[in-house]
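To convert a position in the sequence shown, counted from 1, into the working numbering, add 2.
Glycine included, each C-beta is placed from N, C-alpha and C at the ideal position.
Comments concern the structure below.
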Amino acid sequence: MKVIPETVAIIMDGNGRWAKAKGLPRTAGHKKGADTVRTVALEANRLGIKKLILYAFSTENWKRPEDEISYLCKLPGIFFNSYIKDLMKNNIRVTFAGELERFPEDTQKTIRKAVEQTAHNTGLELCIAINYGSRREMILAAQKYAQEVADGKRANDLTEEEFSSYLFIPEEVDLLIRTSGEERISNFLLWQIAYSELIFDPTPWPDFDEASLNEALEVFAARDRRFGGLK
Ligand code: IPE
Ligand code: IPE
Ligand code: MG
């Protein structure tokens, strides 16, 4: 049987270029991209992937024009209104990673509600990285740890496993996919991808589908992971 990775992360890139190529506003690409989130989450769940981490908004994306940011703030509402039923029906649990506080109240509420509503589901964990940046995640972890040391914790005992537990995302990522042909990490999961397999797929995120995911999983299954050792 094919090896299915436990934890898969995707940099969902190329929404804007997809829209532009069709003569549409960039927001149309984001809208279609939200439909892809549903498609890919359902397929990942069906395949038995445990955790799917989707990069939805980076700490650097605040540099975008105001109208695009304002649409992206509305997108969680649009997404969960349309698809929360499908997520429930398929036993998918929603979580998030990142600092939600910077978003408008209603965006925060929508996301927290989806997390609560799906909290008892036992299928795929669908983790949305939103206002997420890996460097920021590490700074927050270091601050929290430093505070505990100031309060009397022994600094010399810190292990990699314990450090991971201070991050938004403690798991090792088995497979990282970036869509749209860009080949960079853009401040995503720097700690967690130490031994990930990396796949760069030229498909823009709005066109990514079940077949694209399965193709990536085939490539993953054929890779030889050595983790620094020998086979
Ligand atoms: C990814 O698509 C979605 C977000 C970063 C919010 P982009 O919006 O980056 O689309 P391109 O890369 O400009 O085509
Ligand atoms: C990375 O994509 C962030 C998300 C997909 C949410 P960007 O489009 O923001 O990354 P760069 O600017 O091309 O590196
Ligand atoms: Mg992009």
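Distance, Cα to Cα, residue i vs residue j?
{"i": "residue 90", "j": "residue 57", "result": "21 Å"}
{"i": "residue 202", "j": "residue 175", "result": "15 Å"}
{"i": "residue 2", "j": "residue 170", "result": "Residue 2 cannot be examined here, being either before or after the span of the chain that is shown, 3 to 233."}
{"i": "residue 154", "j": "residue 142", "result": "19 Å"}
{"i": "residue 144", "j": "residue 150", "result": "10 Å"}
{"i": "residue 84", "j": "residue 172", "result": "30 Å"}
{"i": "residue 186", "j": "residue 193", "result": "15 Å"}
{"i": "residue 13", "j": "residue 60", "result": "10 Å"}
{"i": "residue 5", "j": "residue 137", "result": "31 Å"}
{"i": "residue 179", "j": "residue 35", "result": "15 Å"}
{"i": "residue 167", "j": "residue 177", "result": "20 Å"}
{"i": "residue 216", "j": "residue 161", "result": "35 Å"}
{"i": "residue 11", "j": "residue 54", "result": "6 Å"}
Is it the case that the CB of residue i approaches a heavy atom of ligand 1 more closely than 7 Å?
{"i": "residue 64", "result": "no"}
{"i": "residue 228", "result": "no"}
{"i": "residue 182", "result": "yes"}
{"i": "residue 40", "result": "no"}
{"i": "residue 207", "result": "yes"}
Beta carbon of residue i, beta carbon of residue j: below 8 Å?
{"i": "residue 132", "j": "residue 100", "result": "yes"}
{"i": "residue 78", "j": "residue 41", "result": "no"}
{"i": "residue 163", "j": "residue 52", "result": "no"}
{"i": "residue 50", "j": "residue 92", "result": "no"}
{"i": "residue 97", "j": "residue 129", "result": "yes"}
{"i": "residue 122", "j": "residue 73", "result": "no"}
What residue range is occupied by the uninterrupted beta strand (DSSP E) comprising residue i?
{"i": "residue 121", "result": "No beta strand (DSSP E) contains residue 121, which DSSP labels as neither H nor E."}
{"i": "residue 12", "result": "9 to 13"}
Going by DSSP, what residue range makes up the alpha helix (DSSP H) through residue i?
{"i": "residue 18", "result": "17 to 23"}
Beta carbon of residue i: closer than 7 Å to some heavy atom of ligand 3?
{"i": "residue 15", "result": "yes"}
{"i": "residue 18", "result": "yes"}
At a cut-off of 7 Å, would you count residue i as near ligand 2, judging by its Cβ distance to the nearest heavy atom?
{"i": "residue 57", "result": "yes"}
{"i": "residue 186", "result": "yes"}
{"i": "residue 166", "result": "no"}
Only counting runs of 4 or more residues, tell me where the alpha helix (DSSP H) segments fall wholly within the stretch 26 to 114, in order along the chain. 28 to 49 and 68 to 91
Could I get the ranges of all uninterrupted alpha helix (DSSP H) runs contained in the stretch 150 to 232, with 4 residues as the minimum, in chain order? Counting only runs of at least 4 residues, the stretch 150 to 232 fully encloses the following alpha helix (DSSP H) elements, listed from N- to C-terminal order: 162 to 166 and 212 to 224.
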